[in-house]
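Data first, discussion second: the structure below is written as structure tokens.
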Amino acid sequence: MSEEILINITPMEARVALVENGVLQEVHIERTLRRGIVGNIYKGKVVRVLPGMQAAFVDIGLERAAFIHASEISQREGAAVEPISSLVHEGKALVVQVTKDPIGTKGARLTTHLSVPSRYLVYMPRTPHVGISLKIEDETERDRLRDIVARCIEQEGIEERGGFILRTAAEAAREEDILMDIRYLRRLWQQISQQISTAPAPSVLYEDLPLALRTLRDLVNPRIEKIRIDSRETFQKVEQFVHELMPGVESVLEHYPGERPVFDLYGVEDEIQKAMERKVMLKSGGYLVIDQTEAMTTIDVNTGAFVGHRNLEETIFKTNLEAATSIARQLRLRNLGGIIIIDFIDMEDEEHRRQVLRTLERQLERDHARTNIIGITELGLVQMTRKRTRESLEQILCEPCPSCSGRGIQKTAESVCYEIFREILREARAYQAGGYMVLASQAVIDRLLDEESGNVADLEIFIERPIRFQVETMYTQEQYDVVLM
Numbered sequence: 001m002s003e004e005i006l007i008n009i010t011p012m013e014a015r016v017a018l019v020e021n022g023v024l025q026e027v028h029i030e031r032t033l034r035r036g037i038v039g040n041i042y043k044g045k046v047v048r049v050l051p052g053m054q055a056a057f058v059d060i061g062l063e064r065a066a067f068i069h070a071s072e073i074s075q076r077e078g079a080a081v082e083p084i085s086s087l088v089h090e091g092k093a094l095v096v097q098v099t100k101d102p103i104g105t106k107g108a109r110l111t112t113h114l115s116v117p118s119r120y121l122v123y124m125p126r127t128p129h130v131g132i133s134l135k136i137e138d139e140t141e142r143d144r145l146r147d148i149v150a151r152c153i154e155q156e157g158i159e160e161r162g163g164f165i166l167r168t169a170a171e172a173a174r175e176e177d178i179l180m181d182i183r184y185l186r187r188l189w190q191q192i193s194q195q196i197s198t199a200p201a202p203s204v205l206y207e208d209l210p211l212a213l214r215t216l217r218d219l220v221n222p223r224i225e226k227i228r229i230d231s232r233e234t235f236q237k238v239e240q241f242v243h244e245l246m247p248g249v250e251s252v253l254e255h256y257p258g259e260r261p262v263f264d265l266y267g268v269e270d271e272i273q274k275a276m277e278r279k280v281m282l283k284s285g286g287y288l289v290i291d292q293t294e295a296m297t298t299i300d301v302n303t304g305a306f307v308g309h310r311n312l313e314e315t316i317f318k319t320n321l322e323a324a325t326s327i328a329r330q331l332r333l334r335n336l337g338g339i340i341i342i343d344f345i346d347m348e349d350e351e352h353r354r355q356v357l358r359t360l361e362r363q364l365e366r367d368h369a370r371t372n373i374i375g376i377t378e379l380g381l382v383q384m385t386r387k388r389t390r391e392s393l394e395q396i397l398c399e400p401c402p403s404c405s406g407r408g409i410q411k412t413a414e415s416v417c418y419e420i421f422r423e424i425l426r427e428a429r430a431y432q433a434g435g436y437m438v439l440a441s442q443a444v445i446d447r448l449l450d451e452e453s454g455n456v457a458d459l460e461i462f463i464e465r466p467i468r469f470q471v472e473t474m475y476t477q478e479q480y481d482v483v484l485m
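In full-length UniProt numbering, the protein residues as written are 1 to 485.
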């Protein structure tokens, strides 16, 4: 399987696309005016303690105070979670790291369990533990990596409390590369430590890398055949970063100077547009319907035009198999997180159900975000979670529709006409007027003058006043005004 990373840079934003075998799998967008803050370390100040929620709000210098739960405040390992009021008080300075960006109306989520990542390792200065990514499954390789870290710690004479997690990228890494990472992380932590004692609260102690460099650190693996960057300046920064920290990657870097935008070359722009739509067509003729709400994301699978060749059960099974692969891709592409409920088409055969679930699990193994399939409910719904740290693609690119306020539906012209009739009756009872002027959208006025003209005439007779109409082109279908004449 060949993979390519495309990096598109403009003064306003940076965008990264991960393409597998010519098909877009992931898109990451970072706007210059509002960069994500996940991974940043701050010296904050506690502004409010909430004993009932076992939580506190911390001012880290953002528009909204950030949120921290008692379980995220460093305590002795294995100890029960202490009451929040015994851990912090208002005005207390706290060194925290952002684990979730502010999303919607919610502030950032914080932890005091700090971690600083590099290419192969994550350094945890307050947790004396060496762990290995679960995605490295080979026991021999896990033992080798554990031994390497132990030797490096001994060689460097590291005595202070702290630990490391070996990332998935560390698989097959050389000892000298891991040692280089350990030295880099310790230098970085010393710089942060010095700032902790001198910096005022609130202030930033450490900012994660910009998107282009973060992509190299987190997404590059041996399957990557090309990294194409369309900005000369960013290409030079990436070259320097790679030379210092990831020497093996230099050979796949490429500056893209083409006239045609690099995202257009691979059809990425079209795929981003499709990722905004509710409906996702499957090759078989079936389709998915994806609805993202505050509480969860629901995905409905439908056979659509696919009728199969043998029988209904086979048709359903084939559609569900294709849907499982498509769903795994859509979760990555749209960066959907939190609770996800999938309504596959009902299958009678137990073996078919097992295969569809196994296909979904296998496809999700390639996801960089942590996923967990909880199982199938009595109603046949698949429950799963996907770790949410940054805003979804829809939340970055879109805002609620001003016409329907995010409902996705609007009242019919007929319903609005009847609301207008009721409003005129109310006005007629309350005030003496020479007549009434109705201001409304084109669709509503058209209906009042056509299908509802008989009702308008009856109403004029009943209230003994004339009714006039005026189109307001800026009004949405649900907006109207009734003005006394």
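Just so it is clear, CB atoms sit at the ideal spot from N, CA and C, and this is done for glycine as well.
These figures come from a predicted structure and were not determined experimentally.
Inset, instruction - State the start and end residues of the unbroken alpha helix (DSSP H) segment that holds HIS243. - result: To locate residue 243, count along the sequence shown from 1; it is residue 243. Start and end: 232–245.
Legend entry - Own chain partners of ARG278 with C-beta closer than 7 Å, once the 5 adjacent residues on each side are dropped: For the purposes of this step, residue 278 is identified with residue 278 of the sequence shown, where counting begins at 1. Closer than 7 Å at Cβ, skipping near neighbours: VAL289, ILE290 and ASP291.
Inset, instruction - Check whether the Cβ atoms of ASP208 and VAL81 sit closer than 8 Å, and answer yes or no. - result: Residue 208 sits at position 208 when you count from the first residue of the sequence shown. Residue 81 sits at position 81 when you count from the first residue of the sequence shown. Not in contact: ASP208 and VAL81 (Cβ atoms no closer than 8 Å).
Inset, instruction - For SER203, I'd like the list of residues in its chain whose CB is within less than 6 Å of its CB, leaving aside the five on either flank, ordered along the chain. - result: Looking up residue 203 in the sequence shown gives position 203. If we look at SER203 and ignore the five residues flanking it on each side, its Cβ neighbours are LYS43.
Inset, instruction - May I have the straight-line CA-CA distance separating LEU336 from GLU423, to the nearest angstrom? - result: Here the question's residue 336 lines up with position 336 in the sequence shown. Here the question's residue 423 lines up with position 423 in the sequence shown. Straight-line measurement puts the Cα of GLU423 at about 43 Å from the Cα of LEU336.
Legend entry - Interface flag, LEU336 vs chain D, CB-CB below 8 Å: Any reference to chain D falls outside this structure, which holds one protein chain only.
Inset, instruction - Just mark LYS100 as buried or exposed, buried being the case when its beta carbon has 16 or more other beta carbons within 10 Å. - result: If you number the sequence shown from 1, residue 100 lands on position 100. Under this definition LYS100 is a buried residue.
Inset, instruction - State yes or no: is the C-beta of THR473 within less than 8 Å of the C-beta of GLN442? - result: Counted from its first residue, the sequence shown places residue 473 at position 473. Counted from its first residue, the sequence shown places residue 442 at position 442. The answer is yes: Cβ separation under 8 Å.
Legend entry - Per DSSP, the bridge partner or partners of MET281: Within the sequence shown, residue 281 is the residue found at index 281, counting from 1. In the DSSP assignment, MET281 forms a beta bridge with TYR287.
Legend entry - THR476 versus SER284, LEU425, ALA457 and LYS411, residue with shortest Cα-Cα distance: Taking the sequence shown and counting its residues from 1, one reaches residue 476 at position 476. Measuring from the Cα of THR476, the nearest candidate turns out to be LYS411.
Inset, instruction - Assess, as a yes-or-no matter, whether the region 310–326 is touched by the region 268–277 under the definition of 3 or more beta carbon pairs within less than 8 Å. - result: Touching, no, given that fewer than three Cβ pairs across the two stretches are closer than 8 Å.
Inset, instruction - List the whole-angstrom C-beta distance separating ARG109 from ALA66, where the pair is believed to meet the contact cut-off of C-beta under 8 Å. - result: Counting from 1 along the sequence shown, the entry for residue 109 is found at position 109. Counting from 1 along the sequence shown, the entry for residue 66 is found at position 66. That belief holds up - the Cβ atoms of ARG109 and ALA66 are roughly 7 Å apart, short of 8 Å.
Inset, instruction - For VAL482, write down the residues that DSSP places opposite it in a beta bridge. - result: In the sequence shown, the residue the question calls residue 482 occupies position 482. In the DSSP assignment, VAL482 is bridged to VAL438.
Legend entry - Per DSSP, cross-strand counterpart(s) of LEU24: Counting from 1 along the sequence shown, the entry for residue 24 is found at position 24. When beta bridges are read from the DSSP output, LEU24 appears opposite VAL19.
Legend entry - Bridge partners - GLU3, DSSP secondary structure assignment: Along the sequence shown, one-based indexing puts residue 3 at 3. Looking at the DSSP assignment, GLU3 forms a beta bridge with GLU20 and ILE224.
Inset, instruction - Please check the pair residue 511 and VAL116, which I expect to be a contact at CB under 8 Å, by giving their CB distance rounded to whole angstroms. - result: Past the edges of the chain, shown from 1 to 485, lies residue 511, and the structure says nothing about it.
Legend entry - Three CB pairs or more closer than 8 Å across the region 325–340 and the region 381–393: Yes: the two stretches touch, three or more of their Cβ pairs being nearer than 8 Å.
Inset, instruction - Verify the contact flag: GLU313, CB atom, against every heavy atom of the ligand PLP, threshold strictly below 7 Å. - result: Inclusion of the ligand PLP in the displayed structure is not the case, the ligand content being empty and no account of it being possible.
Inset, instruction - Please go through the same chain and pick out, in chain order, the residues whose beta-carbon is closer than 8 Å to the beta-carbon of GLU250, but skip the five residues on each side of it. - result: Reading the sequence shown from its first residue, position 250 is the one you call residue 250. These residues qualify, in order along the chain: GLU239, VAL242 and HIS243.
Inset, instruction - Tell me whether the beta-carbon of MET296 lies closer than 8 Å to the beta-carbon of ILE340. - result: Position 296 of the sequence shown, counted from the first residue, corresponds to residue 296. Position 340 of the sequence shown, counted from the first residue, corresponds to residue 340. Going by C-beta atoms, MET296 is nearer than 8 Å to ILE340.
Legend entry - Simplified DSSP assignment, three categories, for ASN335: Numbered from 1 along the sequence shown, position 335 holds the residue referred to as residue 335. ASN335: coil per DSSP, three-state reduction.
Inset, instruction - Output yes or no for whether 8 Å exceeds the beta carbon distance between residue 521 and GLU225. - result: This structure gives no information on residue 521, because the portion of the chain shown stretches from 1 to 485.
Inset, instruction - Note the first and the last residue of the continuous alpha helix (DSSP H) segment covering ALA428. - result: As a first step, residue 428 must be located in the sequence shown, where it is residue number 428. Per DSSP, the unbroken alpha helix (DSSP H) holding ALA428 starts and ends at 413–430.
Inset, instruction - Using beta-carbon positions only, say whether ILE60 and VAL95 come within less than 8 Å of one another. - result: Within the sequence shown, numbered from 1, the residue matching residue 60 stands at position 60. Within the sequence shown, numbered from 1, the residue matching residue 95 stands at position 95. Between ILE60 and VAL95, the C-beta gap is not smaller than 8 Å, which leaves the two residues out of contact.
Legend entry - Straight-line gap, THR32 to TRP189 (C-alpha atoms, nearest Å): Residue 32 sits at position 32 when you count from the first residue of the sequence shown. Residue 189 sits at position 189 when you count from the first residue of the sequence shown. Rounded to the nearest angstrom, the two C-alpha atoms are 26 Å apart.
Legend entry - Start and end residues, alpha helix (DSSP H) containing ASN40: Here residue 40 refers to the residue found at position 40 when the sequence shown is read from its first residue. For ASN40, no alpha helix (DSSP H) segment is defined, and its DSSP state is neither H nor E.
Inset, instruction - Taking all protein chains shown into account, decide if PHE235 is buried (16 or more other Cβ within 10 angstroms of its Cβ) or exposed. - result: For the purposes of this step, residue 235 is taken as the residue at position 235 of the sequence shown. The residue is buried, with at least 16 neighbouring Cβ atoms inside 10 Å.
Inset, instruction - Please state whether DSSP places PHE344 in a helix, a strand or coil. - result: What you label residue 344 is simply residue 344 of the sequence shown in a count that begins at 1. Under the three-state reduction of DSSP output, PHE344 falls in the coil class, being neither helix nor strand.
Inset, instruction - Examine the Cβ distances between the region 148–157 and the region 208–217 and report whether three or more of them are shorter than 8 Å. - result: In short, these stretches do not touch, since the Cβ pair count stays below three.
Inset, instruction - Go ahead and pull the three-state DSSP assignment for LYS92. - result: Taking the first residue of the sequence shown as 1, we reach residue 92 at position 92. Three-state DSSP puts LYS92 in coil, outside helix and strand.
Legend entry - TYR418 burial status per 10 Å Cβ neighbour count (16 or more: buried): Stepping through the sequence shown from its first residue, residue 418 is reached at position 418. Exposed: under 16 other Cβ atoms inside 10 Å.
Legend entry - CB-CB length for VAL122 against ILE165, believed under 8 Å: Along the sequence shown, one-based indexing puts residue 122 at 122. Along the sequence shown, one-based indexing puts residue 165 at 165. Sure, about 4 Å apart at Cβ, within 8 Å.
Inset, instruction - For the region 361–368 and the region 323–331, state whether three or more C-beta atom pairs, one from each stretch, are separated by less than 8 Å. - result: Contact holds: three or more Cβ-Cβ distances are below 8 Å.
Inset, instruction - Identify every run of the beta strand (DSSP E) within the region 351–413, keeping only runs that are complete inside it and at least 3 residues long; order them along the chain. - result: Uninterrupted beta strand (DSSP E) stretches at least 3 residues long and entirely within the region 351–413 occur at 371–376 and 382–386, given in chain order.
Inset, instruction - Could you tell me which of MET180, ARG144 and THR303 sits nearest to GLU156, measuring between CA atoms? - result: Taking the first residue of the sequence shown as 1, we reach residue 156 at position 156. Just measuring C-alpha positions, the residue of MET180, ARG144 and THR303 sitting nearest GLU156 is MET180.
Legend entry - Coarse secondary structure for VAL249, derived from DSSP in three states: Within the sequence shown, the letter at position 249 stands for residue 249. Three-state DSSP puts VAL249 in a helix.
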